[in-house]
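Comments concern the structure below.
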Amino acid sequence: MEIVKKENYQGYETVLFATDKKTNFKAIIAVHSTVLGPALGGCRMWFYKSDEEALTDVLRLAEGMTYKNSAMGLNLGGGKAVIIGDPRTDKSSELFARFAEAVNALGGKYYTAEDVGITSQDMLEVSRHTPYVAGLPAKSGDPSPFTAFGVYTGMKAALEYVFGDTSLKGKKVAVQGLGHVGMYLLEHLHQEGAELIVTDIFEDRVAEAIKRFNARFVQPEQIYDVKADIFAPCALGGILNENTIPRLKVKIVAGAANNQLAKLEDGKLLAERGIVYVPDFIINGGGVINVAEELNPEGYDQNRVKAKVATIYDKVKEVLTLSREQKITPQEAAIMYAKKRLLQRRA
């Protein structure tokens, strides 16, 4: 296998490129910062159109993890991995062995976990070849329920900020993406009596949402035109941009997807339209809180996890209030909030 490590790459501590022609394996691992501790971030498997697209994604995701881990109060840095391939057809034990080899090449600087296209069972396969894995089935397991609970909690904080009331009863929520997190989120929303509009590229997931939660389906491209109270992006990033933002008919954007804004400036477009955006790395930190517990010297404690995830409510309120007081976008306020710990540690 060929491994190329680039240090101090475009403002990132390390970016590693791994290829193995025999197993058709290609991956990139980006370590953005280890100022607060070893980098922790999931591994994503996706059919990227090009290596450039994969690199852009992993760099943005790794930086987002630095801010997320800092904002969640974790003594962990930010990193991310992407495997280029189809998660439904290209997985094999050999492929995960190669990925583990790439993780080992960083010598403990980066801990991996599951992300889009990867399951906790896949991570179990990876853990046979490297100790630098979190989110294993026998330990903290699938982080998705905790991510979803954090998003649900953050949504309620945004509702209070906008409407002066945390209730979701009768509120219309448009959910984009019905993967692990999206489906768990629907459970919370349905239990509280929200009206659900959903979309996904996989028909089996849509059928499940309609059956279990009485959701209404719209085609993937139509989700931006739905009139609702909340838009919850729970699929891939970059979906809030100059083309989609003018189409939104919502008061709040609050979802689980990473890097929802295509560009930082897109946060201003949302603000100009009077839409309150809850920054992704503040609202979706529940999963990483859960995974990070595995690395706690005292051992994994689910009650401690739940208590920490519940604090996302206060974090969302703090960021939205800071945004209003400083007359900056919520995304700018969230970055300021996260950088505070990084600057303190550097000092």
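Read in order, the letters of the sequence shown correspond to residues 1 to 347 in the UniProt record's numbering.
Glycine included, C-beta positions come from ideal geometry on N, C-alpha and C.
Using a Cβ-Cβ cutoff of less than 6 Å, which residues in the same chain neighbour Val-7 once the five nearest sequence positions on both sides are dropped?
Position 7 of the sequence shown holds residue 7. Sequence inspection shows Glu at residue 7; the Val mentioned does not correspond to that position. Closer than 6 Å at the Cβ level, and outside the excluded window around Glu-7, lie Thr-14.
Just grab the DSSP bridge partners of Cys-43 for me.
Numbered from 1 along the sequence shown, position 43 holds the residue referred to as residue 43. According to DSSP, Cys-43 bridges with Ala-81 and Glu-114.
Nearest CA to the CA of Arg-273: which residue from Gly-255, Ala-257 and Lys-251?
For the purposes of this step, residue 273 is taken as the residue at position 273 of the sequence shown. It is Lys-251.
CB Thr-166 to CB Leu-159, shorter than 8 Å?
Locating residue 166 in the sequence shown gives position 166, where the first residue counts as 1. Locating residue 159 in the sequence shown gives position 159, where the first residue counts as 1. Their beta carbons are under 8 Å apart, which means Thr-166 touches Leu-159 by this criterion.
Apart from the five residues on each side of it in sequence, which residues of its chain come closer than 6 Å, Cβ to Cβ, to Pro-143?
Numbered from its first residue, the sequence shown carries residue 143 at position 143. Closer than 6 Å at Cβ, skipping near neighbours: Gly-135, Gly-287, Asn-290 and Val-291.
Assuming Ile-335 is part of the beta strand (DSSP E), what are its boundary residues?
Start at 1 with the first residue of the sequence shown, and residue 335 comes out as number 335. First-last for Ile-335: 330-346, but that is the alpha helix (DSSP H), not the beta strand (DSSP E).
Do you know offhand how far Phe-149's Cα is from Asp-301's?
Along the sequence shown, one-based indexing puts residue 149 at 149. Along the sequence shown, one-based indexing puts residue 301 at 301. For Phe-149 and Asp-301, the distance between alpha carbons rounds to 17 Å.
Top-ranked residue by Cα proximity to Lys-268, from Pro-246, Ala-256 and Lys-317:
What you label residue 268 is simply residue 268 of the sequence shown in a count that begins at 1. The residue with the shortest Cα to Cα distance from Lys-268 is Pro-246.
Ignoring anything shorter than 3 residues, give me the beta strand (DSSP E) runs that lie fully in the segment 217-271, in order along the chain.
230-233
Beta carbon of Asn-104 nearer than 8 Å to that of Thr-130
As a first step, residue 104 is located in the sequence shown; it is residue number 104 there, counting from the start. As a first step, residue 130 is located in the sequence shown; it is residue number 130 there, counting from the start. For Asn-104 and Thr-130, yes; Cβs fall inside 8 Å.
Which partner residues does Thr-14 have in the DSSP bridge list?
Start at 1 with the first residue of the sequence shown, and residue 14 comes out as number 14. Answer is Glu-7 and Val-31.
Let me know the secondary structure DSSP gives Tyr-161 once reduced to three states.
Here residue 161 is taken as the residue at index 161 of the sequence shown, counted from 1. Three-state DSSP puts Tyr-161 in a helix.
Can you tell me where the alpha helix (DSSP H) with residue 349 in it begins and where it stops?
Because the chain spans 1 through 347 in this model, residue 349 falls outside it and cannot be assessed.
Backbone CA spacing between Ser-127 and Asn-243 [nearest angstrom]:
Here the question's residue 127 lines up with position 127 in the sequence shown. Here the question's residue 243 lines up with position 243 in the sequence shown. So the two alpha carbons sit approximately 42 Å from each other.
In chain order, what residues of the same chain have a beta carbon less than 6 Å from the beta carbon of Ala-215, not counting five sequence neighbours either side?
Position 215 of the sequence shown holds residue 215. The answer, listed in chain order, is Leu-196, Val-198 and Ala-209.
On the three-state DSSP scale, how would you describe Val-319?
Taking the sequence shown and counting its residues from 1, one reaches residue 319 at position 319. It is helical.
Report the three-state DSSP secondary structure of Lys-139 (helix, strand or coil).
As a first step, residue 139 is located in the sequence shown; it is residue number 139 there, counting from the start. Three-state DSSP puts Lys-139 in coil, outside helix and strand.
Alpha-carbon to alpha-carbon, Asn-259 and Lys-315
Counted from its first residue, the sequence shown places residue 315 at position 315. Counted from its first residue, the sequence shown places residue 259 at position 259. Answer to the nearest angstrom: the Cα atoms are 18 Å apart.
Residues in the same chain with beta-carbon distance under 6 Å from Thr-147, minus the five sequence neighbours each way, listed in chain order, please.
Mapped onto the sequence shown, residue 147 falls at position 147. Excluding sequence neighbours, Thr-147 sits near Val-181, Ala-256, Asn-284, Gly-286 and Gly-287.
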